[in-house]
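Enquirer:
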Amino acid sequence: MATTATPGPDHADQARWLSPEEKDAWTGLASLVLLLPGRLEAPLQQAAGLTLFDYLTLSHMSDAPDRRLRMSELAYLANGSLSRLSNVVKRFEQRGWVERFPDPADRRYTIAALTDAGYEVVVAAAPAHVRSVRRYVLDPLTPADRRALMRIATKLRARPVDLAEETTGP
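For what it's worth, my numbering labels the leading residue of the sequence shown as 179, then goes sequentially.
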């Protein structure tokens with residue numbers, strides 16, 4: 179990863195190279211983004227046979243009003259493509275965890291609704307997820323670290339509310 183290489187004279191305007199401190203910050207973030215999902219997924223796989231994407235999909239529906247979300251919004255919240263979500267939701271439908279139907283307010287959209295059986299699955303998987311979130315994210319941090327993490331997420335506009343604003347406008 180050539181983040182600190184010294185540019186030649188022809189490339190001086192093409193990149194602002196990273197300082198050693200910036201490289202350390204970037205490498206830390208990249209490691210966090212790449213390694214943490216696996217650490218959070220392994221306990222879900224073991225406890226409930228769910229991927230992290232599966233769990234996030236079910237969890238977002240369980241938190242939604244009437245346990246219903248438009249598929250496009252759900253894909254966004256779970257950080258997956260609509261086609262990936264469609265495949266997962268199809269599998270969930272076959273298991274009786276989710277139902278899909280046209281949005282009565284705008285039939286161009288599809289609503290995904292969590293069934294009672296699906297809700298039971300996410301409720302049963304939640305303790306394993308919370309334990310791993312605490313173990314790998316929250317418990318190692320002090321309250322000041324957690325506040326700093328929220329400030330950083332806010333500045334990077336990396337929270338779900340920020341992402342929703344990007345797609346719908348301010």
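The C-beta atom is built at its ideal place from N, Cα and C for all residues, glycine as well.
Please specify which runs of the beta strand (DSSP E), each continuous and at least 3 residues long, are wholly inside the segment 227–302, giving them in chain order.
Expert: The segment 227–302 contains these whole beta strand (DSSP E) runs: 246–248, 276–280, 288–292.
Enquirer: Is the distance from the Cβ of G274 to the Cβ of A295 below 7 Å?
Expert: Result yes, Cβ atoms of G274 and A295 sit closer than 7 Å.
Enquirer: Taking just the CA atoms, how far does G206 sit from S197?
Expert: Whole-angstrom Cα-Cα distance: 14 Å.
Enquirer: Under the three-state reduction of DSSP, which class applies to I330: helix, strand or coil?
Expert: Looking at I330 - three-state DSSP - the assignment turns out to be helix.
Enquirer: If you run the structure through DSSP and keep just helix, strand and coil, what is Q223?
Expert: Q223: helix per DSSP, three-state reduction.
Enquirer: Considering only C-alpha positions, which residue in the set L212, A242, Q192, M249 is nearest to I289?
Expert: Nearest C-alpha to I289: M249.
Enquirer: From the DSSP output, in three-state form, read off D317 for me.
Expert: Coil at D317, not helix or strand.
Enquirer: Just to confirm, are E219 and T229 a CB contact at a threshold of 7 Å?
Expert: Going by C-beta atoms, E219 is nearer than 7 Å to T229.
Enquirer: If we ignore side chains and look at the alpha-carbon of each, how far apart do N257 and R329 end up?
Expert: Near 21 Å, if we compare the C-alpha coordinates of R329 and N257.
Enquirer: Output the distance between the C-alpha atoms of R194 and V315, rounded to the nearest integer angstrom.
Expert: Approximately 31 Å between the Cα atoms of the pair.
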